[in-house]
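Numbering (the working numbering), first residue to last: 5 to 418.
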C-alpha cells in the first residue's frame, strides 16, 4: 500500500509540476502579471492626449507610410467589437459592425487636438457582403527604382485581415459562427500619396488562412500570416489552443497558394517583417516574447535564429524608420477582458517597449529592450493593441481594439 501510494503520489506530483510549468506559471506571471510593478504615465518624458472622434475608435492596428506621412488605421466600433471578435470568442453576427473602415491620418497636418484625416472609400470591393470586418493591417510603400525605364508611379499597398461571418455558399444565408468560426480572407488594396480611396486588387481565400490575426508582406511577392488559434476556429479546441500551442505561421503566394511554415506557437499575434533587418518577428500574446526568423529566399520557409525575452502578452509590432521595433504589451492581461466587457468605461493598463539592435550577438542578446511608456491606471493610453513611433518628430501613436479613442504622445523637450 505504501509503495503504491508513493508510486501514484510521485506520478501526481510530476503531473502537477508539469501542469504548473506549462500552464499555471505562464498564466500567473505572464498573463495576469502577479508581482509585476507597473508604473504611472507620469514617470515617462511624454505629454499624452486622447483624440476623441467617432471615426477614430476601436482601431486594432496601424501602419505609417514614411514616404507620404500618412498613418493608416483599421478602425471599427467598440461596442461592435464586443460582439464580433474571433480572437475573444465573440460570435454574435447580428452585433457586428457595418462601418469598419481604413482611416488615413495626415500626421503633419494637425487640426486642434487631432489631425486631418480621410475615411477611405472602397468602391471596387465587392467580396462577400461588401463590408470589411477589420482585424490586422499592414502596408508597403512602392518606390519606383531610379533606373526603371518604365517609370511606374508611386503607390502604396495595404493588406488587411478580414473576419467575415460564415455564409452558405448556395443560399447566402449566415451560418452559426459559434460552431464554424469566421470566414477569413486577406484583402489587398492599393492607394496613393493623397489617399481618398482603396482600390481593391485581390482577395485571398484559402484553407490555410484559418484563424489569421495579422499579415506581413514577405520579401517575395507573397505574405505571411499568424493563425493565432491554428486550425481551431471555434469550440473547446479554440479555447484551449493557446495553452496547447496550436498557433502557426503560414506563407501565401500572390497566386493564392498557402503553406504552414512554423508551428507550435502560443497565440502568435501581430507579426512584422523587417526589410532592414531581413527578419520576421513573431510575438506571442500568451507566452510573451518575440521569436525571430530568417525567411528562405527561395522556399519562404522560416529558420529560427533568435528570440527576445519580454514576459508580457504582446500584440501588433511596428518598426520606425530607424529600424527600432515598437511593442505594445499588457502588464495586467486580464484587464483586457474587462475592457471588452465595458469598452466605453474600462481601459486596460498599457506598456510600450522599444526593441533596438545592439552590437552583442546570441540568442536574444543582440537586441536591447527598453520600456518607453506605461500607464498602470489607464489614465490616457488606450489598452494599446498597436503603437507607431514617428522617428521624425518623436511622437508615439497608440490605438486599441476596443478603445473609443486614439492617443498621441509628444516627447517632452524635443
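By construction, the Cβ of each residue, glycine as well, lies at the ideal position given by its N, Cα and C atoms.
In angstroms with no decimal places, state the Cα-to-Cα distance between residue i and residue j.
| i | j | result |
| --- | --- | --- |
| residue 380 | residue 50 | 15 angstroms |
| residue 159 | residue 188 | 26 angstroms |
| residue 134 | residue 223 | 30 angstroms |
| residue 251 | residue 228 | 13 angstroms |
| residue 260 | residue 163 | 14 angstroms |
Could you have a look at residue i and say whether DSSP puts it in helix, strand or coil?
| i | result |
| --- | --- |
| residue 243 | helix |
| residue 146 | strand |
| residue 34 | helix |
| residue 344 | helix |
| residue 94 | strand |
| residue 112 | strand |
| residue 117 | coil |
| residue 308 | strand |
| residue 70 | coil |
| residue 45 | helix |
| residue 486 | A question about residue 486 goes unanswered here, because the residues of the chain that appear run from 5 up to 418. |
| residue 167 | strand |
| residue 181 | helix |
| residue 212 | coil |
| residue 58 | coil |
| residue 194 | strand |
Taking the alpha carbon of residue i as the point to measure from, which residue in the options has its own alpha carbon closest?
| i | options | result |
| --- | --- | --- |
| residue 387 | 413, 417 and 334 | 334 |
| residue 248 | 63, 384 and 234 | 234 |
| residue 397 | 279, 181, 112 and 149 | 112 |
| residue 107 | 94, 132, 128 and 64 | 64 |
| residue 274 | 140, 130, 205 and 80 | 140 |
| residue 186 | 200, 175, 152 and 132 | 132 |
| residue 266 | 30, 254 and 42 | 254 |
| residue 246 | 325, 405 and 269 | 269 |
| residue 394 | 46, 110 and 198 | 110 |
| residue 218 | 166, 157, 47 and 54 | 166 |
| residue 206 | 214, 198 and 194 | 194 |
| residue 114 | 74, 150, 406 and 28 | 74 |
| residue 72 | 389, 390, 30 and 145 | 145 |
Within its chain, find whatever has a CB closer than 8 angstroms to the CB of residue i; leave out the 5 residues flanking it on each side and keep chain order.
| i | result |
| --- | --- |
| residue 38 | 32 |
Using a Cβ-Cβ cutoff of less than 7 angstroms, which residues in the same chain neighbour residue i once the five nearest sequence positions on both sides are dropped?
| i | result |
| --- | --- |
| residue 414 | 50, 51 and 399 |
| residue 100 | 84, 87, 88, 137 and 169 |
Is there a C-beta anywhere in chain C that falls below 8 angstroms from the one on residue i?
| i | result |
| --- | --- |
| residue 69 | This model lacks chain C altogether; it includes just one protein chain. |
Would the C-beta of residue i count as close to the ligand ATP, meaning under 7 angstroms from any of its heavy atoms?
| i | result |
| --- | --- |
| residue 73 | Summarising the ligand content, the structure contains no ligands, and the ligand ATP is consequently not present. |
So residue i and residue j are supposed to be a Cβ contact under 8 angstroms. How far apart are they, rounded?
| i | j | result |
| --- | --- | --- |
| residue 289 | residue 317 | 5 angstroms |
| residue 97 | residue 178 | 5 angstroms |
| residue 53 | residue 384 | 7 angstroms |
Given residue i, which residues of its chain have a CB within under 6 angstroms of its CB, disregarding the five upstream and five downstream residues?
| i | result |
| --- | --- |
| residue 220 | 142, 228, 275, 276 and 277 |
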